[in-house]
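Going by this note's numbering, the sequence shown wraps up at 759, each residue one higher than the last.
Backbone N, C-alpha and C define an ideal beta-carbon position, used for all residues, glycine too.
The model shown is predicted, which means the values in this text are computed figures rather than measured ones.
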Amino acid sequence: MRPEILNPLFAETASLDGVGPKLLKPLERLGLTRIRDLAYHLPERFVSRRALADLDEGAEGEQVILALTPIEHRAPRAGSRGPYRVLAQDAKGNVCALTWFGKAAYTAKKLLPVGETRWVAGRLDRYGDMLQMVHPDHIEETSAAHLARLNEPVYRLSEGLTQPRIAGLVAQALARLPDLPEWIEPGQLSRSSWPSWRDAIQLAHHHEHPEARERLAYDELLANSLALLLVKAEGRRRKGQALVGDGSLRAKLALPFALTGAQDRSIREIAGDMAQEAPMLRLLQGDVGAGKTVVALNAMLIAAEAGKQAALLAPTELLARQHFETLRKMAAPTGVEIALFTGRDKGRARESILMGLIDGSIQLVVGTHAIFQDAVQYRDLALVVIDEQHRFGVAQRLALAAKGRRAPHTLAMTATPIPRSLTLAQYGEMDVSRLDELPPGRQAIDTRVVPQERMEEVVAGLERHLATGQQAYWVCPMVREIDGVPDMADIAAAEARYAALKERFGDQVVLVHGQLRPEAKDAAMEHFASGKARLLVATTVIEVGVDVPAATLMVIEQAERFGLAQLHQLRGRVGRGAEKSTCLLLRGAALSETARARLALMRETQDGFRIAEEDLELRGGGELLGTRQSGDAAFRLASLDHVQRLLPIAHADARLLMERDGGLTSARGEAARILLYLFERDWGVQLLRGG
C-alpha cells in the first residue's frame, strides 16, 4: 500500500487550478496525469536572457528583456497575410517592431496598449533597418516580473500547451512537494554534494544545476536496482526443485558440430543453477547464429533426465515451428518425446497433446502463448525457456511459471546483444551467460553499401539471384507512404515496393508487415519458409527469429534510417545455410556523419556485441532505454551518461542496503520503500518475478 506521505504527489493533475477537460488531453499526451509527473517533467534547456537598459546595449540574435512603450499598432491590409506589428520605443527613443504572424492581433492589442510601458522578453533580430522581436516570449506589466524571465526553463510541449501554461502547472506541482526521508547512503550523499530530494527538484526546474539533475537520476537508478535485487532475493527464497541430470540423454546427442567454448561454459553455468533448489533466473545472450538453441536443448534434457518436463515459449507460431523442427532433429537420437503446441491445434491432436502433458509422456513442449492457457496442465513442469523474452509481457511469463508444482527454473534467451554498460539496468535481476563466439565454419556475410541511384542494377541482380532457385529478403523502413508530412513522404514503403516487385516477379513475392492480421502474416511467412515464394518484402517485423537457410540475399532499402543493432539483426536473417550470403545496404544521397559511420561499421564487422557498443556511442541509449516493455525499466530522468557513471554505484548501494543495512525494515530501508513507490517499482517488484 502506498505510503500516505506520497498521496499529494499521486493526486491527478485535474486537481490543479486552471486544468479542465481541454487541457487534460495535451497533458495526457505527455504522460502528465499526476502531480508527480509534472514534478519530474524537467526542463529540456534554459533560455538565458540579458536585461537591457535600452536597445543600444543589445546585439542581433541575443535573447533580451527590456522596457518598451508602444507608440503605434500597424495591422495588415484587409485580406492580406502580412504580419501584425506594434512599434515600441525604449527609454532613449529607439524604436523596435514587435511582430506577430497569424491570428495574433487580439493578443497584441490587449497586451500592448499605446503609451503604457511593458517589460518585453524575446529574441532581438533585424528586419530591414529596424530592430524587431518576432512573437515575443513574454510581456509583463511590472518591473519585478522580468527578473523571473532572465533564466527561464523550456519544457517539452504537446499541441494545446504553451510554455507559460506548463510552467504555471509545474509551479503548482512544486508547491505540493512533501519533505521525504533520505534514502541515499549518507557517505554517497556527502561525496557527491547532492541536495535533498525536495531541493533537487526545485533546483532542477529553476537553474542549470548538474548536481540536482544527477541526484534525481541516481534516485531513479537506485529504485530500479533495488527492485531488481528484490526480485532476485524473492526468487531465491521461493521453493523450487534441484534438477541434476545423469547425462544419459545428453550423451546420445549426435551433433554434426563441436560446441564452442562459450556454449560449453553457458551449459555448465545453467546446469549449476538448475542443481540448486532456488529457481534459476538466467539470461542467455547470444549473437545472431551463436547457437542458443543447442544450449537450451541441453538445459531441457537435464530436466528430462531428472524425470521432469520443460517448455520452450516462442513469440510467434513460425518461430515455434522452427524451434520444434530444430530441436526434434537434434534430439532424435535421445528418444525424448517433443511436442509442438500452438493456438491452431484443434480436436484430437490438441486433446492428445493435453493428455501427454498431464501424464508426463510428453517431456518437452514447444509453443506459443497457447502453452500457458488455463486448459493446459503439466505433470511436473520444472524448466521454462523463453525465446526473445523482451517480446512477452511479464504477466504471460508469470502464467507459464505458475504451471509448475514448484517454481520452475527460467532460462530467458535474446538474440539482441546488449552493451555491458546497460546489462545491469536491463537485467539486474538475472544472472547472465554470453555466447560471444560464433560456431566454426559459419561464413561471413558479404556486406556492401550501394547508392539508391543504382536501384535498377540491384533489381536486375535480384532477378539473377532468384533465377538460381535461391531466396531473398527486401526490407523497407515503413509500411506505406505518408503524404503531406515533412521528412516522411520520401521514406521507402514496403507496400509500394511490394507492388513494384510483384509486377516484375509475380507470385514469387510475398509481403509481411506489423499491420497485417496475424493469420495473413503467418501465411505469408510460411509461404516463404516453405520455398513456395522466393522473395519476402517486409518491414523490421522480420528482425528477429526468422530462419530460412535458403535465403541468401538481404536488401535493406534506405539503410541509413535504421539503427546499427537493427541492421545487424536484419543481416542475420541470411547466412544461415551452407551457401555464401550477401547483404546490400541501399543508401540515400544525403548521409549524416553518424549514418556514414554506421554503414562503414556494418561493412567492417559482424560482431554483434561490438556493434551494440558502437551503436550506443553513436546514437545514445534512446532505443535501448526508451522503448522498454511495460514492467521493465524505462528511464525518464537518467541519461545514458548517468546510467554509465551512476548505475554501478546505485547497484552497489542497493546491495549494501539489502545485505548490510537491514533491507527495507531499517530506517533507511523505510525511506527506500517510499522510493520504490515513488518510482512505481512497487508493482514492478511483483511483476518482474516472471523474469
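Identified DSSP bridge partners for residue i
{"i": "phenylalanine 114", "result": "Pro221"}
{"i": "leucine 166", "result": "Val154, Met201"}
{"i": "phenylalanine 409", "result": "Gly435"}
{"i": "arginine 186", "result": "Leu136"}
{"i": "valine 580", "result": "Ala606"}
{"i": "alanine 119", "result": "Ile133"}
{"i": "aspartate 514", "result": "Thr650"}
{"i": "threonine 482", "result": "Gln353"}
For residue i, three-class secondary structure by DSSP
{"i": "valine 154", "result": "strand"}
{"i": "phenylalanine 747", "result": "coil"}
{"i": "tryptophan 542", "result": "strand"}
{"i": "arginine 416", "result": "helix"}
{"i": "glutamate 762", "result": "Since the first residue shown for the chain is 69 and the last is 759, residue 762 is missing from the structure and cannot be characterised."}
{"i": "leucine 84", "result": "coil"}
{"i": "glutamine 377", "result": "strand"}
{"i": "histidine 67", "result": "This structure cannot speak to residue 67, because the chain is shown only from 69 to 759."}
{"i": "histidine 477", "result": "strand"}
{"i": "aspartate 442", "result": "coil"}
{"i": "isoleucine 207", "result": "strand"}
{"i": "proline 519", "result": "strand"}
{"i": "alanine 606", "result": "strand"}
{"i": "aspartate 675", "result": "coil"}
{"i": "aspartate 683", "result": "helix"}
{"i": "leucine 74", "result": "helix"}
{"i": "arginine 664", "result": "helix"}
{"i": "isoleucine 742", "result": "helix"}
Distance between residue j and residue i (C-alpha atoms, nearest Å)
{"i": "alanine 592", "j": "histidine 581", "result": "10 Å"}
{"i": "leucine 284", "j": "proline 71", "result": "20 Å"}
{"i": "alanine 339", "j": "alanine 364", "result": "11 Å"}
{"i": "aspartate 729", "j": "glutamate 738", "result": "11 Å"}
{"i": "alanine 701", "j": "aspartate 287", "result": "Summary for alanine 701: the model assigns pLDDT 42, below 50, so the residue's position carries little reliability; its value from the coordinates is reported in the next sentence. If you take the alpha carbons of alanine 701 and aspartate 287, they lie about 13 Å apart."}
{"i": "arginine 784", "j": "alanine 143", "result": "Residue 784 falls outside the range modelled here, since the chain spans only 69 to 759, and no answer is possible."}
{"i": "valine 115", "j": "glycine 676", "result": "41 Å"}
{"i": "leucine 323", "j": "tryptophan 265", "result": "58 Å"}
{"i": "aspartate 95", "j": "serine 501", "result": "According to the sequence shown, residue 95 is leucine rather than aspartate. Answer to the nearest angstrom: the Cα atoms are 42 Å apart."}
{"i": "glutamine 131", "j": "arginine 194", "result": "13 Å"}
{"i": "glycine 88", "j": "phenylalanine 747", "result": "26 Å"}
{"i": "proline 545", "j": "phenylalanine 630", "result": "7 Å"}
{"i": "valine 10", "j": "phenylalanine 169", "result": "Residue 10 lies beyond the residue range present for the chain, which begins at 69 and ends at 759; the question has no answer from this structure."}
{"i": "arginine 350", "j": "valine 453", "result": "10 Å"}
{"i": "glycine 428", "j": "glutamate 385", "result": "23 Å"}
{"i": "glycine 313", "j": "isoleucine 486", "result": "31 Å"}
Close Cβ partners of residue i (< 8 Å) along its chain, the five nearest in sequence each way excluded
{"i": "histidine 109", "result": "Leu98, Leu100, Tyr223, Arg224, Ile234, Val238"}
{"i": "leucine 503", "result": "Thr328, Ala330, Gln331, Ser334, Leu352, Gln353, Gly354, Asp355, Ala358, Gly359, Lys360, Val363"}
{"i": "alanine 310", "result": "Met342, Ala343, Gln344, Glu345"}
{"i": "alanine 326", "result": "Pro508"}
{"i": "lysine 160", "result": "Asp122, Leu123, Asp124"}
Span of the beta strand (DSSP E), counted from its first residue to its last, around residue i
{"i": "alanine 618", "result": "Where alanine 618 is concerned, there is no enclosing beta strand (DSSP E), given that its DSSP letter is neither H nor E."}
{"i": "aspartate 499", "result": "499 to 503"}
{"i": "aspartate 332", "result": "Counting along the chain, aspartate 332 falls outside any beta strand (DSSP E), though it belongs to the alpha helix (DSSP H) covering 329 to 342."}
{"i": "arginine 655", "result": "650 to 655"}
{"i": "histidine 391", "result": "That residue, histidine 391, is in no beta strand (DSSP E); its alpha helix (DSSP H) goes 385 to 399."}
{"i": "glycine 354", "result": "349 to 354"}
{"i": "aspartate 590", "result": "Premise fails: aspartate 590 lies in the alpha helix (DSSP H), 586 to 597, not in any beta strand (DSSP E)."}
Beta-carbon proximity list for residue i, same chain, < 6 Å, skipping 5 on both sides
{"i": "leucine 321", "result": "none"}
{"i": "aspartate 555", "result": "The predicted model places aspartate 555 with a pLDDT of 47, which falls under 50 and marks its position as unreliable; any figure quoted below should be read in that light. Hits under 6 Å: none found."}
{"i": "leucine 297", "result": "Ala722, Met726"}
{"i": "alanine 241", "result": "Ile103, Leu106, Ala107"}
{"i": "histidine 636", "result": "Gly676, Ile679"}
Delimiting residues of the alpha helix (DSSP H) encompassing residue i
{"i": "tyrosine 566", "result": "562 to 573"}
{"i": "isoleucine 103", "result": "103 to 107"}
{"i": "isoleucine 139", "result": "It is not in any alpha helix (DSSP H) - isoleucine 139 instead sits in the beta strand (DSSP E) that spans 131 to 142."}
{"i": "leucine 529", "result": "A small fix is needed here, since residue 529 is glycine in this sequence, not leucine. Residues 523 to 535."}
{"i": "aspartate 193", "result": "It is not in any alpha helix (DSSP H) - aspartate 193 instead sits in the beta strand (DSSP E) that spans 193 to 195."}
{"i": "leucine 708", "result": "708 to 727"}
{"i": "isoleucine 454", "result": "Taken as a continuous stretch (DSSP letters only), isoleucine 454 belongs to no alpha helix (DSSP H), being part of the beta strand (DSSP E) at 449 to 455."}
{"i": "lysine 93", "result": "89 to 97"}
Neighbourhood of residue i by C-beta distance below 7 Å, restricted to the same chain and skipping five residues each side
{"i": "leucine 408", "result": "Ala388, Arg389, Phe392, Val434, Gly435"}
{"i": "valine 517", "result": "Leu653, Arg655, Leu667, Arg671"}
{"i": "tyrosine 745", "result": "Arg70, Pro71, Leu74"}
{"i": "arginine 641", "result": "Tyr541, Ile610, Val614, Ala619, Met622"}
{"i": "aspartate 247", "result": "Arg266"}
Beta carbon proximity, residue i to chain B, threshold 8 Å
{"i": "glutamine 270", "result": "Reference to chain B is not applicable here, since this structure consists of a single protein chain."}
Residue i: CB within 7 Å of a non-hydrogen atom of the ligand GTP
{"i": "valine 404", "result": "Absence of the ligand GTP from the depicted structure is noted, as is the absence of any ligand whatsoever, leaving it without description."}
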